[in-house]
């Protein structure tokens, strides 16, 4: 760093992640790991991509998660992504199967990372004796056309709520109406 340069939050995030990675007891060749920061991700705290031709894993960490989590929680995200890098380097593939679960458990890394953003949509079962609900960050098929789907628990109909406004709908036309009514608040 030269005089007058200031570190950004992204510089801090990457520096802490790289330092932590050196201390994690996993056989990852860190010389074949690249690091990036995502400023766009809204749901995932991290990701690991594999470039098969170069045999390089790229760990992408999300700034918003870094700003939201405490360090212990974010360090677990780094360990989670290192398990993916290890699987890619050792086996050429990675997922969240048994091999991943076993190695992640040894490193106290979660199988899935907790959410750091509020969902944009909440799907709720309409049956009075069912408390099933699901959260969505994007307008997926079940959000846009709930009349084509059913409750994941009991099979009943459900409704979708736009979390910020509280507006609900139960059909594709209801989705379109809510979106039109909310306009810029959508």
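Numbering (full-length UniProt numbering), first residue to last: 1 to 186. By construction, the Cβ of each residue, glycine as well, lies at the ideal position given by its N, Cα and C atoms. Small disclaimer: the values here were computed from a predicted structure and weren't measured.
DSSP beta-bridge partners of residue i
| i | result |
| --- | --- |
| residue 99 | In DSSP, residue 99 forms no bridge with anything. |
| residue 34 | 58 |
| residue 169 | 160 |
| residue 133 | 124 |
Check whether residue i and residue j have beta carbons under 7 Å apart
| i | j | result |
| --- | --- | --- |
| residue 78 | residue 20 | yes |
| residue 104 | residue 28 | no |
| residue 135 | residue 146 | no |
| residue 156 | residue 182 | no |
| residue 169 | residue 178 | yes |
Backbone secondary structure at residue i - three-state DSSP
| i | result |
| --- | --- |
| residue 68 | helix |
| residue 51 | strand |
| residue 16 | helix |
| residue 24 | coil |
| residue 106 | helix |
| residue 84 | helix |
| residue 141 | helix |
| residue 46 | strand |
| residue 149 | coil |
Spatial distance of residue i from residue j (CA atoms)
| i | j | result |
| --- | --- | --- |
| residue 13 | residue 63 | 8 Å |
| residue 91 | residue 159 | 43 Å |
| residue 138 | residue 16 | 31 Å |
| residue 109 | residue 161 | 33 Å |
| residue 53 | residue 24 | 26 Å |
| residue 80 | residue 43 | 15 Å |
Beta-carbon separation (whole angstroms), residue i vs residue j, contact threshold 8 Å
| i | j | result |
| --- | --- | --- |
| residue 154 | residue 132 | 7 Å |
| residue 68 | residue 36 | Incorrect: roughly 18 Å between the Cβ atoms, too far for contact. |
| residue 45 | residue 116 | 6 Å |
| residue 150 | residue 130 | Incorrect: roughly 11 Å between the Cβ atoms, too far for contact. |
| residue 60 | residue 94 | Actually they do not touch by this definition, with Cβ atoms about 14 Å apart. |
| residue 26 | residue 107 | 6 Å |
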